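Engineer: Sequential numbering of the sequence shown, starting at 56, is according to this note's numbering.
I have a structure here, written as structure tokens, and I will follow up with some questions on it.
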Amino acid sequence: ELGAGFRPELSGRENVYLNASILGLSKREVDKRFDDIVSFAGLEQFIDTPVKNYSSGMFVRLGFSVAITVEPDVLLIDEILAVGDEAFQQRCMEKFADLRRSGRTIVLVSHGLDSVRNICDRAAWLDHGDLVKEGEAHDVVTAYLESVRDDRRAQEQQGGGLVTPEEASGNWHIHGVQVIDDAGRQVDLVPSGSEVTIRVTLEVARDEDVALAIGLYRTDGIHVAGP
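Below is the structure:
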């Protein structure tokens, strides 16, 4: 448990020693690792501040820093990568790689599919406590995404059929947009790194030049590429 034994009235420094002792480290061992713990958490400026004044993210980062310093044989992580800025997440990824190279086991519980793909060798897909699929991480993630796509299609059909893009502006209309894989099939899901063709069907009412631009966005709205 991250931050097990943390006392709100104690400073970050005091809680590091308290938490580490619960996890089995001696005071001498903590003395040797203290600077690394604080540096990993990125809390040098706040280490002598009572943790009751920490944000939830600062609290978890400090607890996580102590936990990985113990270098356990099995590390169980629940959505830790959702906490902290890009620099902290990058340090976490580097630490996970070090633990894997040393032969330790990491169990990652996450909704972040990229994290599962990048960190894990194998994955288990759970749905309300039931095991749906287990196997290579890439295969399990792909199966999950296909299931989400099928559910979305079923909902769209119940709502009156699939929605076809149709935009109009004066003398032109866009009637459809398709994503075609390298085998020539229309798809809604493509693996990262694969080649695709984007096919746009449009109608121009009169002889005029049309400039077509395509923008790519992630599901969270981040603009990936385009004009």
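The beta carbon of each residue, even a glycine, is placed where N, CA and C say it ideally should be.
Bear in mind the structure is a predicted one, so any value in this text is a computation, not a measurement.
(1) Which residue's Cα is closest to the Cα of GLU64: THR104, ARG83, ASP133?
(2) Starting from the Cα of ALA96, find the closest Cα among GLU84, HIS183, ASP194, LEU57 and give me that residue.
(3) Distance check for ILE269 and HIS278, CA to CA, integer angstroms please.
(4) Pull up the DSSP beta-bridge partners for ASN105, would you.
(5) In whole angstroms, what is the alpha-carbon distance linking TRP180 and HIS228?
(6) Considering only DSSP beta bridges, list what TYR272 is partnered with.
(7) With 16 other CB atoms within 10 Å as the buried threshold, where does ILE253 fall?
(8) What's the C-alpha gap between ARG88 and LEU98?
(9) Measure the beta-carbon distance from ASN70 to ALA59 and round it to whole angstroms, keeping in mind my assumption that it falls under 8 Å.
(10) DSSP has GLU189 in a bridge; who is on the other side?
(11) In whole angstroms, what is the alpha-carbon distance linking PHE151 and GLY158?
Structural biologist: The answer reads as follows:
(1) For GLU64, the nearest C-alpha among the options comes from THR104.
(2) Across the set GLU84, HIS183, ASP194, LEU57, the C-alpha of LEU57 shows the shortest separation from the C-alpha of ALA96.
(3) Cα-Cα distance, rounded: 11 Å.
(4) The question names Asn, yet the displayed sequence has Pro at residue 105. In the DSSP output, where bridge partners are listed per residue, PRO105 has SER66.
(5) If you take the alpha carbons of TRP180 and HIS228, they lie about 42 Å apart.
(6) Paired residues: HIS278.
(7) So ILE253 ends up on the exposed side.
(8) So the two alpha carbons sit approximately 15 Å from each other.
(9) The distance from the Cβ of ASN70 to that of ALA59 is about 10 Å, inconsistent with a contact at the 8 Å cut-off.
(10) DSSP output for GLU189 lists ALA179 as bridge partner(s).
(11) Those two C-alpha atoms are separated by around 11 Å.
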